[in-house]
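Worksheet: one structure, shown below.
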Amino acid sequence: MTFVLFLSVFLIAACGLIYELIAGTLASYLLGDSVLQFSTVIGSYLFAMGIGSGLSRFLTRGLVARFISIELLVGLVGGFSSALLFLAFAYTQAFRLLLYVLVLAIGVLVGLEIPLLMRILKDRFRFRDLVAHVLTFDYLGALGASLLFPVLLVPHLGLVRSAMLFGLINAGVALWSTFLFRDQLGPIAPLRLACLAVLALLAAGMAEAPRITAAAEDNIYADEVIFARDTRFQRIVLTRWKDDLRLFLSSHLQFSSRDEYRYHEALVHPGLAALSFARRVLVLGGGDGLAVREVLKYPGVESVTLVDLDPEMTRLFSTNPVLVELNAGALASPRVRIINQDAFPWLESTSDVFDFAVLDFPDPTSFSLAKLYTTAFYRLLGRHLSRQGMAVVQSTSPLFARQSYWCIVETLKQAGFRTWPYHVYVPSFGEWGFVLAGSAPYEPPSRLPDGLKFLSARNLPELFQFPNDMLPVQAEPNRLNNQVLVRYYEREWSAIAR
Amino acid sequence: MERHRPLKSSRRQFLGAAIVGLVPKTDRPVAGSFVHDSHPLGHRLRDRAAFQRPRQTLKIPVVIVGGGIAGLSAAWHLDRRGFRDFVLLEMEAHAGGNSRWGENEITPYPWAAHYVPVPDKGATLVRELFQELGVLTAGGWDERYLCFAPQERLYLHGRWQDGIEPAVAATTRDREQYRRFQQLIAGFRAGGQFTVPMETGARPSPLDRVSMAGWLRDQRLDSPYLNWYVNYACRDDYGAMADGVSAWAGIHYFASRDPEDKGPLTWPEGNGWIVRRLLAKLNRFVRTGSVVHHIAPQGRRWRVLTEQTEYLADAVIFAAPTYLAPYLIEGAPPTAALEYSPWLTANLTLDRLPRERGSGPAWDNVLYDSPSLGYVVATHQSLRSHIDRTVWTYYWALAEDTPAAGRRRLLERDWAYWKEAILNDLGRAHPDIRACVSRIDILRLGHAMIRPGVGFLLSDARRRLAGRVGALFFANSDLSGLSLFEEAQYRGVKAADRALQLLGGR
Chain L
0 MTFVLFLSVF LIAACGLIYE LIAGTLASYL LGDSVLQFST VIGSYLFAMG IGSGLSRFLT
60 RGLVARFISI ELLVGLVGGF SSALLFLAFA YTQAFRLLLY VLVLAIGVLV GLEIPLLMRI
120 LKDRFRFRDL VAHVLTFDYL GALGASLLFP VLLVPHLGLV RSAMLFGLIN AGVALWSTFL
180 FRDQLGPIAP LRLACLAVLA LLAAGMAEAP RITAAAEDNI YADEVIFARD TRFQRIVLTR
240 WKDDLRLFLS SHLQFSSRDE YRYHEALVHP GLAALSFARR VLVLGGGDGL AVREVLKYPG
300 VESVTLVDLD PEMTRLFSTN PVLVELNAGA LASPRVRIIN QDAFPWLEST SDVFDFAVLD
360 FPDPTSFSLA KLYTTAFYRL LGRHLSRQGM AVVQSTSPLF ARQSYWCIVE TLKQAGFRTW
420 PYHVYVPSFG EWGFVLAGSA PYEPPSRLPD GLKFLSARNL PELFQFPNDM LPVQAEPNRL
480 NNQVLVRYYE REWSAIAR
Chain D
0 MERHRPLKSS RRQFLGAAIV GLVPKTDRPV AGSFVHDSHP LGHRLRDRAA FQRPRQTLKI
60 PVVIVGGGIA GLSAAWHLDR RGFRDFVLLE MEAHAGGNSR WGENEITPYP WAAHYVPVPD
120 KGATLVRELF QELGVLTAGG WDERYLCFAP QERLYLHGRW QDGIEPAVAA TTRDREQYRR
180 FQQLIAGFRA GGQFTVPMET GARPSPLDRV SMAGWLRDQR LDSPYLNWYV NYACRDDYGA
240 MADGVSAWAG IHYFASRDPE DKGPLTWPEG NGWIVRRLLA KLNRFVRTGS VVHHIAPQGR
300 RWRVLTEQTE YLADAVIFAA PTYLAPYLIE GAPPTAALEY SPWLTANLTL DRLPRERGSG
360 PAWDNVLYDS PSLGYVVATH QSLRSHIDRT VWTYYWALAE DTPAAGRRRL LERDWAYWKE
420 AILNDLGRAH PDIRACVSRI DILRLGHAMI RPGVGFLLSD ARRRLAGRVG ALFFANSDLS
480 GLSLFEEAQY RGVKAADRAL QLLGGR
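Chain order of the listed sequences is L and D.
All residue numbers for the first sequence refer to numbering that gives the first Met the number 0, where the first residue is 0 and numbers rise by one.
All residue numbers for the second sequence refer to numbering that gives the first Met the number 0, where the first residue is 0 and numbers rise by one.
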């Protein structure tokens, strides 16, 4: 009997320490700065335990029933603490608030446990023995927990399930106490039912834990997530850090609001400014409306056709105030026509002809995306350009993926285009490449629209100069039946990714 | 007592409902059935059942029997020679034969033949057809019809590898034997005996008197990987194992072609695309639903009987499978030498794609050590960059048994048996396949393709059949012993030429 009682002390002590460790670990994992996180979590936890111990003097009657309820509460709150924190981090902005609320709540409850237990046991032992034994097992429990946590729990169970396992232990101690202290309890059935309910909840949580973690971890980006949505086609995530807004499509960075003007000015103006006759412009990809924003700076352009696969993208960039400010309301312009279709079949089905086409597709990371970088696609594109018309292709990095870049140039040549490759430095991407393609001769424009932040007629010709480490290399043209570009791209980017 | 029963069962239901929520999800139901069964009609012809007497008689110079590639090619050739006095009789509701296709809300898909190898310079007829269809242009082969990358992959030792020649864990011995095999094949290719169409190059050869498996043994090519690969090729092209195929035919598969571009040529509906394009031009000659049940000489003419019409023709091009001849044609030469392999083709509708590590499905996806031939993805040739639903065409040649035993198995087992067999087979490479498939339709073909056994190719029986019976010309590809698009087209065109010669001579 004595041993069983002190085993309870050992267990609840272990549980208490585990919750504290989990809160500290999670906070340092998600927020960084582990010294700060651990200090503040441990400090507030110990402080809350003090509050709990202080409050214990106000509990006077039905001590055993109170003890059991407290065990159940600790089990519930502690057991679900890490799942709640993960989800709060992924889906809300209240992570810190919830962290300290949970730490304080668990601390207060754990602070109540030992004083209550000592008072329940006070008639069974001499005071001197009681204090000695309870505190001994309390500290032993802490030792057990602190060894178990890094060696077994974190590597094998993970944070979410470890918390739930110890919640189960708390609830187990509660159920067990209904048997141990049967003589000091009133009606036992409701208490046991409550114990079983808590045990069942936690067991269900254990079973669902992998899903919770997956849902939460998908959402963890370095910066604050201000928008996240799974569409039929991709996962759209917007993050913000101070005034830097970033768009990720299926976790690939698309732009950073701090330097996107460099990318989009370089994408549009070297070509379009040279085509004074341009009336009809086609933008493929680029549902963010940022390329369209640049195109609309030409009063001569009468119509812009934007083809983007994902209606959620164009809707988001037509309605969200922050994003509409970024693209200057480009998608609402009466000159813009939005078509939400797959680009290749759409281009096959249309008979429209354009003076300038902007190909702003995601990088050729897969066989399906690289179809949009093939001789077949460029030949089709050629049939939709007017005689003097031109196209510009975003073509990944000529520095990091040199052969991929020159493969795109070679593919355009094979499809019958003359090409003018150029590049620009975009801090959030690095060195980035573009290719102008057309059948008529081309000279860099001497006049550009007013108010550009990056490009000027003076620095524009320099973009066409390639330093030694980006000079052309031999590459096969990318065809639908070889898709060499996917292999080049995979090899080159995996060589520099860490 | 009686009154308690409802209470008991409702409690059981309640508990059941409560527990169901906790059990793992059960498999989703899969719809589907056998489709386009042709054996009932075939058995009526075999058993010489009674057919209705036709109500009208039509005199017409040429009747083509059978609307597969051979029959359509005969029609194509007659038409382009400016001869338009003919009909093509097809017993099914749609022409196409082994190039038939289907279509659902996701994509068209093939029911049998699904590609044509890129023809080399010498394949004039095929090139002429493809020029006409816009597949071959001045600038070369249209990229959209060449099989997109990645073309093939093989599931071996728990992972997918590029290409179907087994490479994962291949030993130096395996690789040395691959090399030696390739060298032997290159020698055969240079020899000029293995051509498409076969008739132009084939000469009597000792290779036809030994099986492919026996030839491999004679060459001391015993690598298990190489033997699997050769067996796969024999199952794929002839529906038979390497020990049931003449070495001449087995080698022909590897040595007959020297493509000038990376192919093959393929379309979502397989060779059904070619049929579609041919029909767009030739549909006015085609009478579908015309079951020819009797062909007999009548004076200098031939009587061709269907239930609707009696045709009196000067010449008949018999492009239907030749094994039907004894049941239909009076005085037909014996066809006992012809053996056909039974096949099963299934089209699986996937409204979700299975999870993939790596680059995802190729066009042709093969499982090592599976009795099936794997599956082909119908949306592979789609120009779209986002595909979230698809159709897989799954091929299974019943090659292990004798053709008769295979046919019995094919007809005896019910749809549920084959459905389970297919899902279990695919489940080895795609554990979540049952969560993705919503429908499986199955086509059973008792005589899917000719099986060129030992001694068949250069036998007198085959050469007699390739001749003619008066003004009746056999045109099916089975006369070549090779069930190939090019052979069917060649036989059809050749029969059409001979019919024209005959008519011109009169």
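Don't be surprised by glycine CBs; every beta carbon is placed ideally from N, CA and C.
Every value quoted in this text rests on a predicted model; they were computed, and no experiment measured them.
With a cut-off of 8 Å, do at least 3 Cβ pairs link the stretch 184 to 191 of chain L to the stretch 61 to 77 of chain L?
At 8 Å Cβ cutoff, the stretches touch.
Using the beta-carbon of each residue, which ones in chain D are nearer than 7 Å to L/SER427?
Near L/SER427 there are no residues of chain D at all, since even the closest Cβ is about 25 Å away, more than 7 Å.
Relative to chain L, which residues along the stretch 136 to 164 of chain D have a C-beta separation below 7 Å, given in chain order?
Residues are counted here when their Cβ sits less than 7 Å from a Cβ of chain L; for the stretch 136 to 164 of chain D these are GLU142, ARG143, LEU145, CYS146, PHE147, ALA148, PRO149, given in chain order.
Chain L contact for D/HIS385 (CB, 7 Å cutoff)
At least one chain L Cβ lies under 7 Å of D/HIS385.
Taking one C-beta from the stretch 395 to 408 of chain D and one from the stretch 357 to 367 of chain L each time, how about it: are there three or more such pairs within less than 8 Å?
Here the stretch 395 to 408 of chain D does not lie against the stretch 357 to 367 of chain L, with fewer than 3 beta-carbon pairs under 8 Å apart.
Simplified DSSP assignment, three categories, for D/GLN55
In this structure, D/GLN55 counts as strand in the three-state DSSP scheme.
Of the residues that make up the stretch 464 to 486 of chain L, which ones have a beta carbon closer than 7 Å to any beta carbon in chain D?
From the stretch 464 to 486 of chain L, only ARG478, LEU479, ASN480, ASN481, GLN482 have a Cβ closer than 7 Å to chain D.
Verify the CB distance criterion: does D/LYS261 have a CB-CB separation below 7 Å to chain L?
By this cut-off, D/LYS261 is an interface position.
Would you kindly work out how many angstroms separate the C-alpha atoms of D/TYR114 and D/ALA396, rounded to a whole number?
For D/TYR114 and D/ALA396, the gap between their C-alpha atoms comes out near 17 Å.
When DSSP builds the beta bridges, which residues end up paired with D/TRP417?
Answer is none; D/TRP417 lacks a bridge partner.
By the 10 Å Cβ neighbour count, where 16 or more other Cβ atoms means buried, how is L/PRO440 classified, buried or exposed?
Classified as exposed, L/PRO440 has fewer than 16 neighbouring CB atoms from the shown chains inside 10 Å of its CB.
Which residues of chain D have a Cβ atom closer than 7 Å to the Cβ of L/GLU347, listed in chain order?
Going along chain D in sequence order, the residues near L/GLU347 (Cβ under 7 Å) are LEU382.
At the level of alpha carbons, what is the spacing between L/LEU173 and L/CYS194?
For the record, residue 173 of chain L in the displayed sequence is Ala; it is not Leu. Using only the alpha carbons, I get a separation of about 7 Å.
Once you ignore the five residues that flank D/LEU6 on each side, which residues in its own chain have a CB closer than 8 Å to its CB?
Reliability of the predicted coordinates at D/LEU6 is poor, the pLDDT of 35 falling under 50, and the value obtained from them is presented with this limitation in mind. Nothing meets the Cβ criterion.
Same chain, Cβ closer than 7 Å to D/HIS293, neighbours up to 5 away in sequence not counted:
Within the same chain, D/HIS293 has close Cβ partners LEU304, LEU327.
Where L/GLN183 and L/PHE2 are concerned, what is the direct C-alpha to C-alpha distance, given to the nearest angstrom?
Distance between the alpha carbons of L/GLN183 and L/PHE2: 19 Å.
Would you say L/LYS498 reaches chain D, if we count a Cβ-Cβ gap shorter than 7 Å as a contact?
The requested residue 498 of chain L does not occur in the structure, where chain L is confined to residues 0 to 497.
To the nearest whole angstrom, what separates the beta carbons of L/LEU295 and L/ARG334, a pair I think is in contact under 8 Å?
Taking 8 Å as the upper bound for CB-CB distance, L/LEU295 and L/ARG334 are in contact here, some 7 Å apart.
Helix, strand or coil: which one does DSSP assign to D/ARG497?
In the structure shown, D/ARG497 falls within a helical segment according to DSSP collapsed to helix, strand and coil.
Residues from the stretch 302 to 332 of chain L in contact with chain D, defined by Cβ distance under 9 Å:
The residues in question are LEU308, ASP309.
Would you list, in chain order, the members of the stretch 353 to 364 of chain D that have their beta-carbon closer than 8 Å to a beta-carbon of chain L?
Among the residues of the stretch 353 to 364 of chain D, those with a Cβ less than 8 Å away from any Cβ of chain L are SER358, GLY359, in the order of the chain.
Report the partner residues of L/VAL502 according to the DSSP bridge assignment.
Here chain L has residues from 0 to 497 only, and residue 502 of chain L is not among them.
Secondary structure of D/MET90, DSSP reduced to three states
Looking at D/MET90 - three-state DSSP - the assignment turns out to be coil, as it is neither helix nor strand.
For a contact meaning CB atoms closer than 7 Å, what does L/PHE343 contact in chain D?
Ordered by position in chain D, the residues that pass the 7 Å Cβ test against L/PHE343 are LEU382, ARG383, SER384.
I need the straight-line Cα distance from L/ALA196 to D/VAL29, nearest angstrom please.
Using only the alpha carbons, I get a separation of about 38 Å.
Using 8 Å as the threshold, is the stretch 95 to 106 of chain D in touch with the stretch 457 to 472 of chain D, meaning 3 or more CB pairs across them?
In the pairwise beta carbon analysis, the stretch 95 to 106 of chain D is classified as not touching the stretch 457 to 472 of chain D: fewer than three pairs are separated by under 8 Å.
Residues bridged to D/TRP395 by DSSP?
The beta-bridge partner set that DSSP reports for D/TRP395 consists of D/LEU343.
With a 10 Å radius around its C-beta and 16 neighbouring C-beta atoms as the bar for buried, classify D/TYR252 as buried or exposed.
Buried: at least 16 other Cβ atoms inside 10 Å.
Taking 7 Å as the CB-CB cut-off, is L/ALA12 touching chain D?
Not closer than 7 Å to any Cβ of chain D, the Cβ of L/ALA12 fails to qualify, so no.
Within the continuous beta strand (DSSP E) that includes D/SER245, where are the two ends?
That residue, D/SER245, is in no beta strand (DSSP E); it is neither H nor E in DSSP.
In chain D, what lies closer than 7 Å to L/ALA375 by C-beta?
Neighbours of L/ALA375 on chain D, chain order: GLU142, ARG143.
Quick one: grab the DSSP three-state call for L/GLU491.
If DSSP states are grouped into helix, strand and coil, L/GLU491 belongs with the helices.
CA-to-CA distance, L/CYS406 to L/ALA474, given in whole angstroms
Approximately 5 Å, taken between the alpha carbons.
Note down, in chain order, each residue of its chain lying with its Cβ closer than 7 Å to the Cβ of L/LYS121, except the 5 sequence neighbours on either side.
Around L/LYS121, the same chain offers LEU129 as residues with beta carbons nearer than 7 Å, after the five sequence neighbours per side are excluded.
Anyone know if the C-beta pair for L/ARG446 and L/ASP354 falls short of 7 Å?
No.
Does any CB atom of chain L fall closer than 7 Å to the CB of D/GLY20?
With a pLDDT of 36 at D/GLY20, under the threshold of 50, the modelled position of that residue is not reliable, and the figure given next carries that caveat. Nearest CB-CB separation between D/GLY20 and chain L: not below the 7 Å threshold.
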